[in-house]
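Residue numbers (the working numbering), protein chains in the order written: chain A, 1 to 555; chain B, 1001 to 1207.
Using N, Cα and C, we set each Cβ at its ideal position, and we do this for glycine too.
Step one of this worksheet: look at the structure below.
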């Protein structure tokens, strides 16, 4: 008969676990067989599985982007056929959105860090966590099937009636892939929400949660509530294509605009699924780099929740020129502009945090700075697009393309790399070359701007998106953009080299290489299988750095 | 027998609360899944009100009502089982009756589909159908999709209850310690029931 409570709640030294010495040393050493990875329920190992899978998809999506940019070097469509070009940008969009950006930070760093940051041993449902990885991989197989069987040409938005009645590609397969990936999202979001509610260690109150946890929590709410709407919408498209059960078909009195409403009800919040975790990462990186408590903690945490909630009510700004009601457009325009308030709060508070901080120019901080700069440009151009009159002019042009790439690639991907550089020593226990890290941060920033800034100009001058034949006067800007894409591609490859090199040859990192606060830095690098030797107890606010006050000089 | 506490938890009540919260979040997600269909129904109703009313008049509302009664009764039995499980004395026979009622729902639904098919108003693929107006066709498309999706959910619920009934028979479900399993299955069953309570008026009584 086992005792009712194991471990005893009163005795914090009692971990209630019978660990092997290897498990106590590191989660990486707790089993070396393939089975010990593929059947693991350890959130840290599942995070690594996700990291490997999404890196693969990032590469595939990047190749598609490379094809698009190569084709755009000349005004004639000479590299790809019209159909081939449509398939290339559709695959780029579908893979980058659903198989890289959405799972990127939440499923890798969220998985790895949330339990560590709140002092838990694992996520609330470890087996469900593993299941969601398998579901993700099943969806990935469908995506590869789409690739092999000839692709899909509807654009990542699957707009009807093109997708339901006219497109020739593998629409149903692609929709199935996204549909299945959605369940992975939902289960991960559910897992995180329950974990944050139920598994915080003693003393970890809501007001002491690290800002990264707040942002992943806000993201999870969107994952759980928005994703099913996409699922049913894609199911309706599949029903129309496979069985002729049309509900969007205009010939039956259905309305393609209804499809757009349903699609964007998910897909606009999805933008915040991609960027909210990035905002959380940057909050961590900024506080760590400045070695100061984050300025206005409650406002930064609250703004994550505000963005998550507001994000549900702005979808109509994708449809300003669709013929929807003028009054609806006005309301959507107003609400979209309102999103700038919580976003602005974050940027101002990061700046205030950095003010008079002892800033170290390490790679994570450089990525965070790149993020802030690019996020501000992307955010401000978002405001321009939210204005009804201006949007009519630049709708469906490269201006929009540049805007969302500044947020999702400049923002989310920079933050992803920042997180990778910040937590790499914790995940693998090895330090990487800081010089190469700084260099790649710089090159990614420069390459990114060279790729996408010309697209603002192109869009403003009237270059529509999704065309590969264009007037010759646009060529200079297109060549600049393609050249930037080349630099960006190489810069993205650099971290592969030196991070993988560090995995084997890097010097041991130590438990807290950056000298920062946070529970994840108090355990070993890499952490033991069960995260903590003793249940941690939190007795102070987060980011509790010692701040030197002016006039109270200690030296 | 003491309750087993699994990996990340330190106490049984913490584990139970987490499991129930997980189920509620999943149900919120399910609700959003069906909400897309209800939005389409609302759109059709607003844009094509006369067609929707005409299409709805052709539905066999008596069968729908009988099915509503079956599901509500099954929910009562499931609720009684949950209450009994919490007191440690759930009976597999009660669950089995709930399962039979669920199967009865599916059987009646099949009969109804068959009647509608014979009347030429069920838009099954392959069969050429003449509808008096396009919007009535769209309405029947939505009806078929929504009720099929509901039937799929109901079948999953039947599977869940059947698993529990077997575990009760074999005595592998320690009660009242693990009554949370029964509660979560019950919550799912009730949600499937509630979805039908909304589907029924939307498709059968919108006249």
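- The beta carbon of residue 248 (chain A) sits closer than 8 angstroms to the beta carbons of 160, 161, 164, 236, 237, 240, 254, 255, 256, 258, 259 from its chain, once the five residues preceding and following it are set aside; these are given in chain order.
- Close to chain B, meaning a Cβ-Cβ distance shorter than 9 angstroms, are the following residues of the region 187 to 209 of chain A: 187, 189, 190, 191, 193, 194, 195, 197, 198, 199.
- For the region 406 to 435 of chain A, no residue has a beta-carbon sitting nearer than 8 angstroms to a beta-carbon of chain B.
- Excluding its 5 nearest sequence neighbours in each direction, residue 1175 (chain B) has C-beta neighbours in its own chain below 7 angstroms: 1085, 1088, 1090, listed in chain order.
- Proximity to residue 450 (chain A) across A:372, A:486, A:435 peaks at A:486, based on C-alpha coordinates.
- 8 angstroms or more divides the Cβ of residue 498 (chain A) from the Cβ of residue 545 (chain A).
- At the C-beta level, residue 366 (chain A) and residue 483 (chain A) stay beyond 8 angstroms of one another.
- Contact check for residue 1054 (chain B) against residue 1136 (chain B) passes: the beta carbons are separated by less than 8 angstroms.
- Within 10 angstroms of the beta-carbon of residue 1041 (chain B) lie 16 or more other beta-carbons, which makes it buried.
- The continuous alpha helix (DSSP H) containing residue 1109 (chain B) extends over residues 1092 to 1119.
- For residue 455 (chain A), the enclosing alpha helix (DSSP H) begins and ends at 434 to 461.
- Using a C-beta cut-off of 8 angstroms, the region 343 to 354 of chain A makes contact with the region 296 to 310 of chain A, since at least three inter-stretch Cβ pairs fall below that distance.
- Within the region 1036 to 1057 of chain B, the residues whose Cβ lies closer than 8 angstroms to some Cβ of chain A are 1036, 1037, 1039, 1040, 1043, 1044, 1047, 1048, 1051, listed in chain order.
- Among the CB atoms of chain A, none fall inside 8 angstroms of the CB of residue 1174 (chain B).
- Neighbours of residue 1180 (chain B) in chain A, taken as residues at a C-beta separation under 8 angstroms, are lacking, since the least C-beta distance is about 13 angstroms.
- Taking one beta carbon from each stretch, the region 171 to 188 of chain A and the region 136 to 150 of chain A have 3 or more pairs nearer than 8 angstroms; the two touch.
- Assignment of residue 504 (chain A) by DSSP, reduced to helix, strand and coil, places it in the helix class.
- Taking a Cβ-Cβ threshold of 7 angstroms, the residues of chain B close to residue 224 (chain A) are 1025, 1028, 1029, in chain order.
- In the three-state reduction of the DSSP assignment, residue 465 (chain A) falls in the coil class.
- Following the DSSP letters along the chain, one finds residue 256 (chain A) inside the alpha helix (DSSP H) bounded by residues 256 to 290.
- For a Cβ distance threshold of 7 angstroms, residue set 1033 of chain B lies close to residue 231 (chain A), ordered along the chain.
- The residues 314, 317, 386, in chain order, have a CB closer than 6 angstroms to that of residue 336 (chain A) in the same chain once the five nearest residues on each side in sequence are set aside.
- Scanning chain B for C-beta atoms nearer than 7 angstroms to the C-beta of residue 121 (chain A) yields 1007, 1008, reported in chain order.
- In this structure residue 468 (chain A) touches residue 71 (chain A) by the C-beta definition: roughly 5 angstroms separates them, less than 8 angstroms.
- DSSP, reduced to helix, strand and coil, places residue 397 (chain A) within a strand of the structure shown.
- Across the structure, residue 414 (chain A) and residue 51 (chain A) are spaced so that their CA atoms are roughly 15 angstroms apart.
- The beta carbons of residue 1120 (chain B) and residue 229 (chain A) sit no closer together than 8 angstroms.
- The continuous stretches of alpha helix (DSSP H) do not include residue 517 (chain A), and DSSP gives it neither H nor E.
- According to DSSP, residue pairing for residue 430 (chain A) in a beta bridge involves A:508.
- The three-state secondary structure of residue 1013 (chain B), taken from DSSP, is helix.
- Neighbourhood of residue 1157 (chain B) in chain A, by CB distance below 8 angstroms: empty, with the nearest CB roughly 17 angstroms away.
- The count of Cβ pairs closer than 8 angstroms, one atom from the region 504 to 513 of chain A and one from the region 88 to 106 of chain A, stays below three, leaving the stretches out of contact.
- In the three-state reduction of the DSSP assignment, residue 540 (chain A) falls in the coil class, being assigned neither a helical nor a strand state.
- Excluding five sequence positions before and after residue 310 (chain A), the CB atoms of its chain that fall closer than 8 angstroms to its own CB belong to 335, 338, 339, 342, given in chain order.
- Residue 1202 (chain B) carries a helical assignment under DSSP once its states are collapsed to helix, strand and coil.
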